[in-house]
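full-length UniProt numbering puts the sequence shown at residues 1 to 183. Glycine is no exception: its CB is placed at the ideal position from the N, C-alpha and C atoms. Read through the structure below, which is laid out as structure tokens, and then see the notes.
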Amino acid sequence: MPPTSAPGTLFVVATPIGTLADLSPRAREVLASVAVILAEDTRRTGKLLAAAGISTKLLAFHEHNESKVLPTILAKLQAGMSVALVSDAGTPLLCDPGYRLVRACRLAGLPVAAVPGPSAVTAALSVAGLPPYPFTFLGFLPPKGEARKRFLRRFAGLDHTLVVFLSPHRLSAELADCAEVLG
Numbered sequence: 001m002p003p004t005s006a007p008g009t010l011f012v013v014a015t016p017i018g019t020l021a022d023l024s025p026r027a028r029e030v031l032a033s034v035a036v037i038l039a040e041d042t043r044r045t046g047k048l049l050a051a052a053g054i055s056t057k058l059l060a061f062h063e064h065n066e067s068k069v070l071p072t073i074l075a076k077l078q079a080g081m082s083v084a085l086v087s088d089a090g091t092p093l094l095c096d097p098g099y100r101l102v103r104a105c106r107l108a109g110l111p112v113a114a115v116p117g118p119s120a121v122t123a124a125l126s127v128a129g130l131p132p133y134p135f136t137f138l139g140f141l142p143p144k145g146e147a148r149k150r151f152l153r154r155f156a157g158l159d160h161t162l163v164v165f166l167s168p169h170r171l172s173a174e175l176a177d178c179a180e181v182l183g
């Protein structure tokens, strides 16, 4: 979109977790119309965009460059250019970078809009066979065994569903620790 006198909007766009057909029509529209798409992994997002026929410019945005890139993004938004933030899969900000950007936009009075779609958290809750509410989302577990067990012990007494993201590289150890600490 060409710059205007009004500020641009930061769109927080959910992307498919594993099935391209899960990319919503609204997500396609937004991703095709913004000035730039912020992506944690530009190669992975590039493949998604190519499959969807979208050629919008990509800019790497991850934990290692977030603070460096933030002023540039805010300047684009203030100049009237809209920007989309995506994660590698699912809904951004849930164990992905972006919190500082959304907060900076809110503090600067810049519009922020969600483009909802796939979420691993709600997908897991819907098929787990556990009470879906209340629940506590813990994100990824600490990578080291003892730190992971200490972390889990803080939540062992809760009488509701816990949702965690597990690393495929530590899956067996993390499941064993969850079973040991949480039962």
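Same chain, Cβ closer than 8 Å to residue i, neighbours up to 5 away in sequence not counted
| i | result |
| --- | --- |
| R139 | Sequence inspection shows Gly at residue 139; the Arg mentioned does not correspond to that position. Answer for G139: L94, C95, V164 and F165, listed in chain order. |
| L171 | none |
| L182 | L152, F155, A156 and L162 |
| V127 | none |
| A124 | V163 |
Chain-order list of residues whose beta-carbon lies under 6 Å from that of residue i (same chain, five-residue window excluded)
| i | result |
| --- | --- |
| A173 | none |
| D22 | P16 and P118 |
| V12 | L85, P92 and A114 |
| A51 | L20 |
| R26 | V115 |
| V112 | L10, V102 and C105 |
Three-way DSSP call (helix, strand, coil) for residue i in this model
| i | result |
| --- | --- |
| I73 | helix |
| residue 235 | Residue 235 cannot be examined here, being either before or after the span of the chain that is shown, 1 to 183. |
| T19 | coil |
| F61 | coil |
| A176 | helix |
| A6 | coil |
| T42 | helix |
| L166 | coil |
| F155 | coil |
Residue i, buried or exposed, once every other Cβ within 10 Å from all chains shown has been counted against 16
| i | result |
| --- | --- |
| K76 | buried |
| L158 | exposed |
7 Å Cβ shell around residue i - same chain, five flanking residues per side excluded
| i | result |
| --- | --- |
| A6 | G80 |
| L58 | I37, A39, T42, T45 and G46 |
| A32 | I54 and T56 |
| D177 | G145, R148, K149 and L152 |
Distance, residue j Cα to residue i Cα
| i | j | result |
| --- | --- | --- |
| K47 | S55 | 11 Å |
| K68 | G129 | 43 Å |
| V34 | T122 | 27 Å |
| I73 | V36 | 9 Å |
| S82 | Y99 | 17 Å |
| H62 | P142 | 19 Å |
| G18 | A108 | 35 Å |
| R28 | Q78 | 23 Å |
| A147 | P168 | 18 Å |
| A89 | A179 | 27 Å |
Item checked: Minimum length 4: unbroken alpha helix (DSSP H) runs contained in the region 75-142 -> 99-107 and 120-127
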